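Here's the structure we're looking at; comments come further down.
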Amino acid sequence: MESSELKRSKDSVNSCESARRSSFPDEVLERVLSLLKSHRDRSSVSLVCKDWYNAERWSRTHVFIGNCYSVSPEIVARRFPRIRSVTLKGKPRFSDFNLVPENWGADIHAWLVVFAAKYPFLEELRLKRMAISDESLEFLAVSFPNFKALSLLSCDGFSTNGLAAIATHCKNLTELDIQENGIDDIGGSWLSCFPESFTTLEVLNFANLTSDINFDMLEKLVGRCKSMRVLKLNRSVSLEQLQRLLVNAPQLAELGTGLFSQELTIREYEELESALSNCKNMHTLSGLWDATGMYLPALYLACTHLTFLNLSYAALQSVELAKLLAHCPQLKRLWVLDSVEDKGLEAVGLNCPLLEELRVFPADPFDNEIVHGVTEAGFVAVSFGCPRLHYVLYFCRQMTNAAVATIVQNCPDFTHFRLCIMNPGQPDYLTNEPMDEAFGAVVKTCTKLQRLSVSGLLTDLTFEYIGRYAKNLETLSVAFAGRSDWGMQCVLGGCPKLRKLEIRDCPFGNAALLSGLEKYESMRSLWMSACNVTMNGCRLLAREMPRLNVEARGGMPHHLSLLSEMLGTRQTENY
Amino acid sequence: MEVGLKMALKGGGGGDHVGGCEKEKMGFEETELRLGLPGGGGEGGEVVRKRGFSETVDLKLNLSSKQDTSGIDPIDEKVTGLNKEKNLLLSAIDPAKPPAKAQVVGWPPVRSFRKNMLAAGSQKSSSDESSGEKVAFVKVSMDGAPYLRKVDLRMYTSYHQLSDALAKMFSSFTIGNCGSQGVKDFMNESKLMDLLNGSDYVPTYEDKDGDWMLVGDVPWEMFVESCKRLRIMKGTEAIGLAPKAVEKCKKRS
């Protein structure tokens, strides 16, 4: 501790003693609380007493707002005067699947205006499912001289011109993380807007932009940003260019390659292999567009310490995957396409004993003719080989109750279980029964379960199980399931920790909707679309719960779509 | 608390639980979201509502024209009528039946972004292979060789030149003897068989029709136009292509 801080503490101790207000100096309390990072812990702390509430609000530097409609920026600024970092989430998750109308809202601009006035020293902004325009990006770029980190995920409304503004004006930028967004990619010239004197970039992710960038400028940028640890390129960067970049940035910890397919001479191949293996810190690898068995071996030496491998843009076959995984013994997280099939997943079970997270995406999700992909056998194989598995996202075309029972027996520690049987309402393909027992097994066995997505043919029994057993469940996604209001009522009546519930195409109506009045107070959001809820049901709900933010929209044939954003009435829940 | 509804509840009356409300006039668009937050909200500890109930009800209810008769008109619906309406609705839809296999909006729940990225991949590679005006890049693979190559056919003017170039890229082989016009004699099947049996490797190509043909069956210019991809096959495997090659040759002449 510096002497000035000691002095401050002493002064406050003196003043406290003289005021006989508190035996615990504010500054010390603030100092201690500043070590608290979790926003939930902070919320708890703020409830202890008035002194603690104040100490907490003065010491907080990061605020997380899970639903941008739950609170106003003015309120946030009034309560927390010293914020340097903001995370904001906007639209309901189903907006990712085109279920939310355009121009729904979640616009960042009003927030930025308040921040510019109240938080001129803002350093970080992380947005998910927000609408952000180029004007807003420009406003951001010029309003905050200390601005360091911008992360955009699933946002829309902006173009590469907005990125140009950021690159031009943010002199202290350390992070530019443009993940999957609805961005209008006009061209790659934004990258060239970083000034030649600029050297502070540590994270650069433009993997999901499509336009070509000026490689020369990129090479120079990477060359002079010696602290760069995350670099995720887009398709336009070739293997040869990748090699040139890596030679100047062996310190990279996370690499997203560009296109992983190009004719190379033997010498070029060896240079690439060498450049990759020289990245001794590399723990995350992604990109790999169009990668085939041809050049994957170049990665082998680089994979020794890899913990996260994202192959979800490379349609590998099972043999190619198996060969690659033999070199990835430390793998904890793996994302693949279902082109690897069950055989590929068997290789996962054999080679990756430390695996904690597996995501299998469908290579051809919208083609009903396709019959290959992965089945229950692949999932079972992984569960036998990877007992530490706790996060799974699995798209498949067939599943059985018995298989899921086996899987959770092997891996009882699931925290996130997201199973998508792609044909809506499909039963157990062997017994032709509903998949109720599968999800029953999941909630009975996996006591730590926080997130669950269900699919297949499901009666109300599934929801009885969920309501009764899923004590730690926070997020539930339901589609084409259930038989009656009773199903939803079970969930709302059980699941003490439920925060987010999203439902589409289920026969749940007003009675179900209105059975959750008490529950909604502690939840972040509820979505219902193409269910049996009516406008009057919504009106009733809104009338009964005046503090709730209820939004309803008609238009679907047969029944109304109800789009609701609910907020907790306790302020602390929202942070 | 006062509640405002835009439309009068028709057929309402005494039993209507929304009694005591005023019927205000509002001009909100469908799903319009209010970002104007009530700034003068409560004290520090209180949560401020985003929008009053009166502002949130969506009132563009164009349902009657689009709906089945089994659908409900919520304007007429009373609170006490909920159960009845639920039954009506349930009879209209059998939830046990999965929807038809037509494309369902937003299903499976794959981010449209991811869908586009995968589609972009396949599109891009196919456009790479189609011949442009100036260049005619085709992929060349050789059975047993680990590396794919690409050649620009327009850089060569004859099979001989192509043969030389390929020989440099891969281990040696020959296209074989060509006739006086630089074109193989494909008219005689047995002669062709002999030729193929004698070679270790034989170049084949995929033409515009998607057929795999033996290189050298057509004049050079025609070959450049129609060749989509090259594959250097083992001679013994290429024998299977011989009859097709002969047939196609005969058809052309």
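Protein chains in written order, with UniProt numbering: chain A, 1 to 575; chain B, 1 to 253.
The C-beta atom is built at its ideal place from N, Cα and C for all residues, glycine as well.
As the structure is a prediction and not an experimental result, all values here were calculated from the model.
Where residue i meets chain A, residues with beta-carbon distance less than 7 Å
| i | result |
| --- | --- |
| PRO109 of chain B | PHE97, CYS420 |
| GLY106 of chain B | PHE94, PHE97, ASN98, LEU99 |
Residue j beta carbon less than 8 Å from that of residue i
| i | j | result |
| --- | --- | --- |
| TYR391 of chain A | PHE379 of chain A | no |
| GLY287 of chain A | TYR313 of chain A | yes |
| GLY162 of chain A | GLU138 of chain A | yes |
| THR257 of chain A | LEU233 of chain A | yes |
| SER159 of chain A | ASP184 of chain A | yes |
| ALA470 of chain A | ARG504 of chain A | no |
| GLU254 of chain A | VAL230 of chain A | yes |
| GLU320 of chain A | LEU301 of chain A | no |
| LYS519 of chain A | LEU540 of chain A | no |
| ALA441 of chain A | VAL404 of chain A | yes |
| LEU389 of chain A | GLU341 of chain A | no |
| PHE64 of chain A | HIS39 of chain A | yes |
| ASN208 of chain A | GLU180 of chain A | yes |
| ARG156 of chain A | GLY188 of chain A | Residue identity check: residue 156 of chain A is Asp in the sequence provided, not Arg. Cβ distance not < 8 Å, so ASP156 of chain A and GLY188 of chain A don't count as in contact. |
| PHE97 of chain A | TRP527 of chain A | no |
| MET130 of chain A | PRO108 of chain B | no |
Chain-ordered neighbours of residue i on chain A, where CB pairs are closer than 9 Å
| i | result |
| --- | --- |
| VAL218 of chain B | The premise fails here: VAL218 of chain B is roughly 26 Å from chain A at the closest Cβ pair, so nothing lies under 9 Å. |
Delimiting residues of the alpha helix (DSSP H) encompassing residue i
| i | result |
| --- | --- |
| PRO546 of chain A | Per DSSP, PRO546 of chain A belongs to no alpha helix (DSSP H) and is neither H nor E. |
| ARG488 of chain A | The sequence given here has Met at residue 488 of chain A, not Arg. Note, MET488 of chain A: alpha helix (DSSP H), 485–493. |
| GLY223 of chain A | 215–224 |
| ASN510 of chain A | 510–514 |
| THR462 of chain A | 460–469 |
| residue 657 of chain A | Residue 657 of chain A falls outside the range modelled here, since chain A spans only 1 to 575, and no answer is possible. |
N- and C-terminal bounds of the beta strand (DSSP E) containing residue i
| i | result |
| --- | --- |
| TYR394 of chain A | 391–396 |
| ALA124 of chain A | The displayed chain sequence assigns Glu, not Ala, to residue 124 of chain A. Where GLU124 of chain A is concerned, the enclosing beta strand (DSSP E) stretches over 124–128. |
| THR160 of chain A | It is not in any beta strand (DSSP E) - THR160 of chain A instead sits in the alpha helix (DSSP H) that spans 160–169. |
| VAL382 of chain A | Premise fails: VAL382 of chain A lies in the alpha helix (DSSP H), 376–385, not in any beta strand (DSSP E). |
| PRO203 of chain B | 201–206 |
| ILE421 of chain A | 416–421 |
| THR400 of chain A | Per DSSP, THR400 of chain A belongs to no beta strand (DSSP E) and is neither H nor E. |
| MET528 of chain A | 525–529 |
| LEU214 of chain B | 212–214 |
Neighbouring residues, chain B, relative to residue i (Cβ below 9 Å)
| i | result |
| --- | --- |
| GLU180 of chain A | ARG111, PHE113, ARG114, MET117 |
Beta-bridge partners of residue i, as assigned by DSSP
| i | result |
| --- | --- |
| MET435 of chain A | For MET435 of chain A, which the question treats as bridged, DSSP gives no partner whatsoever. |
| GLU254 of chain A | A:VAL230, A:THR284 |
| SER191 of chain A | Per the sequence shown, residue 191 of chain A should be read as Leu rather than Ser. LEU191 of chain A is not bridged to any residue. |
| LEU476 of chain A | A:LEU452, A:LEU501 |
| MET294 of chain A | The partner list for MET294 of chain A (beta bridge, DSSP) is empty, contrary to what the question assumes. |
| ASP143 of chain B | According to DSSP, which records beta bridges pairwise, ASP143 of chain B is partnered with nothing at all. |
| TRP335 of chain A | A:ASN310, A:ARG359 |
| ILE232 of chain B | B:MET142, B:PRO203 |
| VAL104 of chain B | Paired residues: none, contrary to the question. |
| ILE65 of chain A | A:LEU88 |
| LEU241 of chain B | According to DSSP, LEU241 of chain B bridges with nothing at all. |
| TRP52 of chain A | In the DSSP output, where bridge partners are listed per residue, TRP52 of chain A has none listed. |
| GLY182 of chain A | A:ASP156 |
| GLU175 of chain A | A:ALA149, A:VAL203 |
| LEU259 of chain A | A:TRP289 |
Residues that residue i contacts on chain B, provided the C-beta gap is smaller than 8 Å
| i | result |
| --- | --- |
| GLU479 of chain A | The displayed chain sequence assigns Ala, not Glu, to residue 479 of chain A. The answer, in chain order, is TRP107, PRO109. |
| ASN214 of chain A | Ordered by position in chain B, no residue passes the 8 Å Cβ test against ASN214 of chain A, which lies about 20 Å from the chain. |
Minimum Cβ-Cβ distance from residue i to chain C less than 8 Å
| i | result |
| --- | --- |
| PHE97 of chain A | In the displayed structure, chain C is absent; the protein chains listed are A and B. |
**Request:** Could you name the residues of the stretch 358–388 of chain A whose beta carbon sits closer than 8 Å to any beta carbon of chain B, in the order they occur along the chain?
**Result:** PHE361, PRO362, ALA363, PRO365, PHE366, ASN368
**Prompt:** Of the residues that make up the stretch 387–402 of chain A, which ones have a beta carbon closer than 8 Å to any beta carbon in chain B?
**Reply:** PHE395
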